[in-house]
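The next block holds one structure in the form of structure tokens; read it before the comments.
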Amino acid sequence: MLKASAFSIALATALGATGAPAFAQEVVYNRGNDTDPSSLDQHKTSTVAEAHLLRDLYEGLVVYNTEAEVIPGVAESWEVSEDGTVYTFTLREDARWSNGDPVTASDFVFAFRRIQDPATAAGYANILHPIKNAAAINAGEMPKEELGARAIDERTLEITLENATPFFIELLTHQTGLPLHQASVEEHGDAFTRPGNLVSNGAYMLESFTPNDRIVMRKNPNFHDAENVSIDVVNYIPFEERATCVRRFEAGEVQSCSDLPSEQIADLRERLGDQVRVAPYLGTYYLPIKVTKEKFADPRVREAMSMAIDRDFLAEEVWQGTMVPAYSLVPPGTNNYVAEAPQLEYADVDILDREDRAIALLEEAGVAPGELTVELRYNTSENNKNTMTAVGEMLRNIGIESTLTEMEGATYFNYLKEDGDFDMARAGWIGDYNDPQNFLFLYESDNLGFNYPRWSNEEYDRLMQQAETETDIEARAEILAEAERLFLSQVPAIPILFYTSKALVSPDLEGWEDNIMNVHGTRFLSLSN
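Residue numbers for the sequence shown follow my numbering, beginning at 7 and rising by one.
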């Protein structure tokens with residue numbers, strides 16, 4: 007085991023990181039995170055910040071390694087039927103919960119049934135709708151016991167799918183695929199996530215949660231690979247203001263920051279060199295429009311707003327070259343897609359010509375200059391504020407006025423999911439698995455958790471359903487591309503940027519590998535010096 011630096015030991019003691027003085031040999035990692043979680047119930051979470059936490063607390067059937075490759079987790083092996091619809095997983099014998107109980111196939115069955123139970127109200131339940139009867143159960147049309155997941159014995163889990171799903175194994179890396187300790191959930195109800203109640207099966211256990219300060223996790227001695235987990239304590243510290251994390255990093259108070267203020271990238275690179283990590287990331291930054299409002303019901307109004315947004319300016323000036331202009335919902339580099347992906351038809355048109363076309367479209371739609379005002383809503387961060395401010399200026403160029411509304415990150419996405427009132431909002435989607443369906447499913451009519459605009463289109467739904475049953479990968483890709491073309495013609499949400507991951511990583515933190523999914527489980531990291 008690597009020894010902690012003198013700083014790490016002193017900081018852990020001084021800050022009371024674990025609720026007690028740190029032992030001399032304890033290795034403490036102070037890890038910057040985007041924001042506090044809205045929940046630690048994996049069935050109530052949706053953000054990347056929450057996924058970071060759950061990746062340390064729990065282990066699914068499979069996990070991502072440091073290079074975002076799928077490797078065995080609780081499942082030591084699996085077999086797939088010839089038709090691709092039945093998966094049989096053999097669970098490792100040494101899988102244990104943090105209280106010492108064995109992790110069994112029934113723990114996964116319990117979790118899969120719970121997330122589909124309408125009473126759970128899980129916004130991400132449809133991620134697992136490839137499982138047989140999951141959608142019907144989630145809609146309240148069938149009992150949860152009819153789900154296509156069963157425990158053959160304690161170490162054998164069988165999952166039956168509705169149709170062959172080429173990305174199913176990778177899909178199980180997502181938090182919706184994590185198990186639950188049934189006894190503690192049934193004993194504590196919604197309070198099962200509280201420190202002292204939460205029983206986890208990952209490399210770490212929850213020790214304390216102080217909102218707006220830190221979430222403390224301690225190494226799980228019952229984790230099957232505990233002997234190879236080098237870091238004893240990880241303190242997740244929320245930083246909605248990215249610049250604050252940078253200052254704490256430079257002061258040596260945190261060893262990594264999960265995101266960076268774009269306006270500081272050039273300066274940070276000059277001062278900190280390769281401690282600044284910028285890498286391709288499977289994600290899209292977009293602007294949902296509440297199409298159920300009369301003023302946005304006409305697609306010409308939405309298209310005009312999209313045309314007016316200068317994505318090159320946003321990428322290069324606002325985000326300092328750390329984002330890529332986006333004219334499609336599905337990002338480049340997505341697996342199982344067409345070679346020439348659809349994009350907005352004005353992608354290569356000069357911005358001044360686009361503004362003229364946008365003004366003409368508004369006139370056709372009966373919108374006079376200065377008549378339309380749009381509220382631009384965003385979650386707290388300097389980057390988001392600067393982006394939405396710039397978007398407001400761009401809309402003004404075509405005669406649309408705007409106002410800005412900021413919300414704290416911990417409540418923001420729940421507000422959008424629960425059909426909160428907005429005109430245009432800031433949103434982002436990071437691929438949970440590398441397949442176009444993971445971006446296009448957002449706008450299916452029944453996806454109320456993530457279809458923020460509440461857009462409904464029967465033809466779009468039909469295409470997405472057709473793709474679900476198409477087993478030929480190339481034919482499926484064409485169907486999904488047709489669905490994206492339809493989406494782009496209606497622009498219920500405006501794609502503006504493709505993500506890159508941006509992080510600060512201390513040279514003392516070893517094992518952090520840049521990857522397209524931006525996953526960095528603490529179990530694979532170590533601290534030197």
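For glycine and all other residues, C-beta sits at the position ideal for the given N, C-alpha and C.
What you are looking at is a predicted structure, and each value in this text was computed from that prediction instead of being measured.
If you drop the 5 nearest sequence neighbours on each side, which residues of the same chain put their C-beta closer than 6 Å to that of residue i?
| i | result |
| --- | --- |
| N105 | V205 |
| D280 | none |
| G66 | G79, L178, G183, L184 |
| S268 | W325, Q326, T328, N389 |
| S312 | V497, I500 |
| S408 | V380, L382, G398, L401 |
| D238 | E32, V33, K225 |
Note down, in chain order, each residue of its chain lying with its Cβ closer than 8 Å to the Cβ of residue i, except the 5 sequence neighbours on either side.
| i | result |
| --- | --- |
| A332 | T290, Y291, Y292, R317, P501, I502, L503, F504 |
| N6 | Outside the displayed range of the chain (7 to 535) lies residue 6, so it cannot be described from this structure. |
| E516 | L531, S532, L533, S534 |
| Q188 | S112, D113, F116 |
| I77 | V68, V69, Y70, N71 |
Give the DSSP-derived three-state secondary structure of residue i in the structure shown.
| i | result |
| --- | --- |
| D123 | coil |
| K508 | strand |
| R277 | helix |
| P305 | helix |
| P27 | In this prediction, P27 has a pLDDT of 46, which is less than 50 and means its spatial position is unreliable; nothing more can be read from the coordinates. |
| E370 | helix |
| R460 | coil |
| G22 | With a pLDDT of 43 at G22, under the threshold of 50, the predicted position of this residue should be treated as unreliable, and no value is reported. |
| H35 | It should be noted that the sequence gives Tyr, not His, for residue 35. In this structure, Y35 counts as strand in the three-state DSSP scheme. |
| L60 | helix |
| L503 | strand |
| T96 | strand |
| V344 | coil |
| Y70 | strand |
| L358 | helix |
| I315 | coil |
| I271 | helix |
| V330 | strand |
| L6 | Only positions 7 to 535 of the chain appear in this structure, which leaves residue 6 out of reach. |
| E323 | helix |
| M470 | helix |
| I522 | coil |
| S190 | helix |
| E516 | strand |
What are the start and end residues of the beta strand (DSSP E) that includes residue i?
| i | result |
| --- | --- |
| Y287 | 282 to 294 |
| G434 | 433 to 436 |
| I165 | 162 to 166 |
| L77 | The residue you asked about is not Leu; residue 77 is Ile in the sequence shown. Run containing I77: 76 to 78, per the beta strand (DSSP E) assignment. |
| S408 | 407 to 413 |
| A128 | Per DSSP, A128 belongs to no beta strand (DSSP E) and is neither H nor E. |
| R402 | Where R402 is concerned, there is no enclosing beta strand (DSSP E), although the alpha helix (DSSP H) it sits in stretches over 388 to 402. |
| A155 | 155 to 159 |
| A81 | 81 to 86 |
| I221 | 220 to 225 |
| L215 | Before going further, note that residue 215 is Phe rather than Leu in the sequence given. It spans 210 to 216 - the beta strand (DSSP E) in which F215 sits, taken as one unbroken run. |
Using the C-alpha atoms, what's the distance from residue j back to residue i?
| i | j | result |
| --- | --- | --- |
| V4 | A509 | An answer regarding residue 4 cannot be provided, because it is not within the stretch 7 to 535 covered by the chain. |
| I240 | S532 | The sequence given here has Val at residue 240, not Ile. So the two alpha carbons sit approximately 11 Å from each other. |
| L422 | Y458 | 6 Å |
| P27 | N144 | For P27, the predicted model reports a pLDDT of 46, less than 50, meaning its position is unreliable and no value from the coordinates is stated. |
| E309 | A232 | 53 Å |
| A345 | A483 | 9 Å |
| L469 | D196 | 37 Å |
| Y93 | N234 | 29 Å |
| A142 | W518 | 41 Å |
| V439 | Q181 | The sequence shown places Tyr at residue 439, rather than the Val named in the question. Their backbone Cα atoms lie some 11 Å apart in a straight line. |
| V336 | R248 | 27 Å |
| S112 | I165 | 12 Å |
| P513 | D354 | 41 Å |
| T3 | D427 | As displayed, the chain neither begins before 7 nor continues past 535, which places residue 3 out of reach and without an answer. |
| E377 | K391 | 24 Å |
| W461 | K150 | 29 Å |
Just reading off the alpha helix (DSSP H) that residue i is part of, what are its end residues?
| i | result |
| --- | --- |
| V239 | Where V239 is concerned, there is no enclosing alpha helix (DSSP H), although the beta strand (DSSP E) it sits in stretches over 239 to 244. |
| N385 | Taken as a continuous stretch (DSSP letters only), N385 belongs to no alpha helix (DSSP H), being part of the beta strand (DSSP E) at 379 to 385. |
| E176 | 174 to 177 |
| Q496 | 479 to 496 |
| L446 | 443 to 446 |
| V252 | 248 to 256 |
Roughly how far, in whole angstroms, is the beta-carbon of residue i from the beta-carbon of residue j, given that I think they are within contact range, below 8 Å?
| i | j | result |
| --- | --- | --- |
| Y242 | R529 | Going by Cβ atoms, the distance from Y242 to R529 rounds to 14 Å, so no, they are not a contact pair. |
| T379 | M413 | Wrong, their Cβ atoms sit about 19 Å apart, outside the cutoff. |
| H49 | A128 | 4 Å |
| N139 | E152 | 5 Å |
With a CB to CB cut of under 7 Å and the five nearest residues on each side skipped, what residues in its chain are close to residue i?
| i | result |
| --- | --- |
| I522 | A74, P286, Y287, L288, G339 |
| T41 | A55, P244, E246, G415, A416 |
| C251 | G38, F245, V260, C263 |
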